[in-house]
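Structure record follows, encoded as structure tokens.
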Amino acid sequence: MLKAVLFDMDGVLFNSMPDHAECWMKAAAQFGLTISKEDVYMNEGRTGEDTITMFTRLQKGRDPQPGECEQIYAAKCKLFEAKGEPAVMAGAPDVVHLAKAAGLITGIVTGSGQKALLGRLEKNFPQCFLENHIVSSSSCQRGKPYPDPYLLGLERVGVSAEEAVVIENAPLGVQAACAAGIRTIAVNTGRLDEKVLYDAGAAIVFPSMTELAKHWTLNVKQ
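Just so you know, we're using my numbering here: the sequence shown kicks off at 81 and counts up by one.
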């Protein structure tokens, strides 16, 4: 019996990934790192610290120096917040409301720590997500693709993996959810081929949240 839906945030609830990609590119360049838009989409879901550590090791052959991750991530956040409010992803409110109408618990598991986005959840999705049902980058030591964020998400909404479904748009997020044993629906709202999402373990891939809403068949009796 399905009891809960765990949503990723960027690229699922908010059309924020183009801004994230641009800001990561600009912030990285300020500190001598090269990060492309494709890099951002392929690594979406990692915490900021993990992302910076990975590219620093790859490109500079060392771990970040003390405070370096915080400095780079702060620069990225400043650029992102200057972008203004990202649009709600088309179709996302419909999917969330269908889930709520079916009596399902709704939670969020995101690798983001952007206060600008987290603070907009209640404004854009009023009374849809309880604060203690949200897992963000500060909630776990290990982020996606490790299963830890989704395991914590299950714990917070109080269901087992068999009683939940995940909606993700990123390959690392799909890997994390599948590693936690949760059936995962992917929405291909970014720049990647849908094969990348299937290869990561998605049970089915939709081209958009709008299409997912059209084909929504989940209910508490399944």
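We put the beta carbon where it would ideally sit given N, CA and C, even for glycine. Here the structure is a predicted model, which means the values were calculated and not measured.
Residue Val254 holds the alpha-carbon nearest to the alpha-carbon of Pro229 among Val254, Glu161, Phe205, Cys208.
Contact between the segment 184-191 and the segment 121-135 is present, with at least three C-beta pairs closer than 8 Å.
Taking all protein chains shown into account, Ser217 has 16 or more neighbouring C-beta atoms within 10 Å of its C-beta and is therefore buried. Annotation: Asp99 to Lys275 spans about 24 Å, alpha carbon to alpha carbon. Contact holds between the segment 257-276 and the segment 231-243, because three or more Cβ pairs, one in each stretch, are under 8 Å apart. For Leu86, the enclosing beta strand (DSSP E) begins and ends at 84-87. The Cβ atoms of Met105 and Ser116 sit closer than 8 Å to each other.
Put simply, the backbone Cα of Ser96 is about 19 Å away from that of Gly223.
Residue environment: Pro206 is assigned as exposed (fewer than 16 neighbouring CB atoms within 10 Å of its CB, all protein chains considered). Distance between Gln110 and Phe94, taken at the CA atoms: about 26 Å. Straight-line measurement puts the Cα of Arg137 at about 42 Å from the Cα of Trp296. Pairing Asn268 with Val237, the inter-Cα distance amounts to about 26 Å.
In the three-state reduction of the DSSP assignment, Val176 falls in the helix class. Thr186: member of the beta strand (DSSP E) spanning 185-189, first to last residue. Note on geometry: alpha-carbon atoms of Lys156 and Ala108 lie some 8 Å from one another.
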